[in-house]
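Respectively, the protein sequence lines represent chains A and B. Under full-length UniProt numbering, the residue at position 56 of the first sequence is numbered 56, and the numbers go up by one with no gaps. Under full-length UniProt numbering, the residue at position 237 of the second sequence is numbered 237, and the numbers go up by one with no gaps. Written below as structure tokens is the structure these notes are about.
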Amino acid sequence: MAEKFDNLEEHLEKFIENIRQMGIIVSDFQPSSQTGLNQKLNYMITGLQDIEKCRQQLHEINVPLEAFEYIDQGRNPQLYTKECLERALAKNEQVKGKIDTMTKFKSLLISELGKVFPEEMTKYKAIHGDDPPS
Amino acid sequence: MTEMFSTLYGQNEAQGPPGSSSLGFGLGKPLPPNQVTMAAQMPPQHGDEGPALRKPGAMNEPFYLLRELPVGNELTGNTNLITHYNLEHAYNKFCGKKVKEKLSNFLPELPGMIDCPGTQDGSSLRSLIEKPPVCGNSFSPLTGASLTGFRLHTGPLPEQYRLMHIQPPKKKSKNKHKHHRPQDPIPQETPSDSDPKKKKKKRDDDPDRKKKKKDKKKKKNRHSPDHPGLAGSQPNSNSLR
């Protein structure tokens with residue numbers, strides 16, 4: 001799995017470097033640079049072909065669209081991962097709090113009902129069994 | 001007439017108490033037998049819900065509509081899901097340390113101004129997804145005829161198009177693939193960021209160098225015979241004479 005990403009990363013780095021060199025050639029063009037530019041253009045096409053070959057190996061990979069929004073804003077996409085983890089932890093804590101509160105309420109309700117309706121509560125406990133420890 | 005009524009009510013009252021005990025009502029008013037039979041007949045007339053409701057009610061007497069508790073899941077919000085899915089390392093990596101804000105910190109070797117929003121120059125990924133470019137199925141190399149379209153005029157580019165080759169300041173990258181970049185064919189325009197750093201380094205080095213030079217000079221002068229201090233300390237100096 002990591003090898004597929006490394007392969008794609010390598011091809012992308014070569015492609016970007018080729019484009020960068022083309023930009024340097026074009027920024028101050030000389031007649032003698034024409035052959036070099038033509039070569040770089042063909043390297044660009046072969047680079048695109050190599051990247052397309054990598055696509056077949058990675059068709060199962062899904063990237064969330066929200067990560068793309070971070071990239072479009074010029075922000076680090078690792079911030080998206082960080083915020084996902086923080087939101088998951090916050091929600092986990094929230095749900096845990098609800099579970100704990102409901103468990104305490106249940107035990108309190110059973111104890112109070114046991115005081116008011118002792119016989120019925122003994123029958124209820126016989127049907128449902130003893131409450132598991134919270 | 002009254003005897004008929006009394007006999008009728010007398011029969012009803014006699015049948016009342018057994019009927020009330022069968023229904024489970026303690027000290028309530030006994031129902032006449034007609035209403036008792038009607039009540040027994042009522043549930044089946046409701047349709048499908050009647051038999052299903054009566055089954056748990058009959059199972060869990062004296063509680064009516066007491067259903068079985070649902071089967072609890074092992075994984076609930078009560079457990080720490082981050083440790084459950086072995087994400088502690090990821091959590092410490094992303095949330096323990098400060099993650100830098102800019103995209104150039106994530107991709108330090110990428111050339112160009114990548115910290116600007118993509119919507120400004122139309123290079124956003126969202127536009128690429130929403131409106132994918134229309135292209136052919138395969139990439140074919142350019143022939144000689146098609147390369148004639150790439151014949152350029154000599155001379156530098158206008159200033160508004162010169163930013164492409166400028167790289168963001170390089171930082172220490174932890175990439176496994178370290179590509180040795182070949183020398184550029186045309187000397188690159190010196191980016192403005194590197195010069196003040198070099199100048200700062202020189203300025204920092206200069207006072208240190210000066211101090212070292214001074215120290216070296218002092219040491220040399222002390223050991224040389226022409227130094228006045230040494231000449232004064234010697235017993236054979238002219239001053240003592």
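C-beta: ideal position from N, C-alpha, C; glycine also.
- Cβ-Cβ distances below 8 Å link Ile51 of chain A to Leu8, His11, Leu12, Phe15 in the same chain, with the five nearest sequence neighbours on each side left out; the list follows chain order.
- The C-beta distance from Ser32 of chain A to Arg162 of chain B rounds to 21 Å, too long to meet the 8 Å contact threshold.
- The C-beta separation of Asp115 of chain B from Leu125 of chain B comes to about 15 Å, leaving the pair out of contact by the 8 Å criterion.
- At a C-beta separation below 7 Å, Leu125 of chain B has these neighbours in chain A: Phe68, Ile71, Asp72.
- Rounded to whole angstroms, the gap between the alpha carbons of Asp72 of chain A and Arg67 of chain B is 53 Å.
- A distance below 9 Å separates the beta carbons of Val99 of chain B and Leu79 of chain A.
- Fully contained in the stretch 96-169 of chain B are the following alpha helix (DSSP H) runs of length 4 or more, in chain order: 103-106, 125-130, 144-147.
- Identification of residues in the stretch 87-102 of chain B having a C-beta nearer than 8 Å to some C-beta of chain A yields Leu87, Ala90, Tyr91, Phe94, Cys95, Val99, Lys100, Glu101, Lys102, given in sequence order.
- The Cβ-Cβ distance between Pro133 of chain B and Thr46 of chain A does not fall below 9 Å.
- Of all residues in the stretch 149-165 of chain B, the ones placed with a Cβ closer than 9 Å to any Cβ belonging to chain A are Phe150, Arg151, Leu152, His153, Thr154, Gly155, Pro156, Leu157, Tyr161, Arg162, Met164, His165, in chain order.
- Within the stretch 103-134 of chain A, those residues whose Cβ lies closer than 8 Å to any Cβ of chain B are, in chain order, Glu120, Lys123, Tyr124, Ile127, His128.
- Nearest Cα to Val71 of chain B within the set A:Lys98, A:Ala2, A:Phe5, A:His128: A:His128.
- Within its own chain, no residue has a Cβ closer than 8 Å to the Cβ of Lys213 of chain B once the five positions on either side in sequence are excluded.
- Close to chain B, meaning a Cβ-Cβ distance shorter than 8 Å, are the following residues of the stretch 43-64 of chain A: Ile45, Thr46, Leu48, Gln49, Glu52.
- Among the CB atoms of chain B, one or more fall inside 9 Å of the CB of Ala88 of chain A.
- A distance of 9 Å or more separates the beta carbons of Glu60 of chain A and Pro62 of chain B.
- Nearest in C-alpha terms to Lys53 of chain A, of all of A:Leu108, A:Asn42, A:Pro77, A:Lys4, is A:Lys4.
- Taking each of A:Ile24, A:Asp6, A:Ala2 in turn and checking the Cα distance to Gly112 of chain B, the smallest one comes out for A:Ile24.
- Burial of Arg75 of chain A is indicated by the presence of at least 16 other C-beta atoms within 10 angstroms of its C-beta.
- In terms of Cβ geometry, Gln21 of chain A and Leu152 of chain B do not form a close pair [threshold 9 Å].
- For Asn18 of chain A, the enclosing alpha helix (DSSP H) stretches over residues 2-27.
- In the DSSP annotation of this structure, the continuous segment of the alpha helix (DSSP H) that includes Gly97 of chain A starts and ends at 78-116.
- Chain B has no Cβ within less than 9 Å of the Cβ of Phe15 of chain A.
- Judged by DSSP secondary structure, Ile51 of chain A falls within the alpha helix (DSSP H) whose first and last residues are 34-57.
- Taking a cut-off of 8 Å on C-beta distances, the stretch 95-112 of chain A does not touch the stretch 85-96 of chain B, as fewer than three cross pairs fall below it.
- The C-alpha of Asp6 of chain A lies about 23 Å from the C-alpha of Lys40 of chain A.
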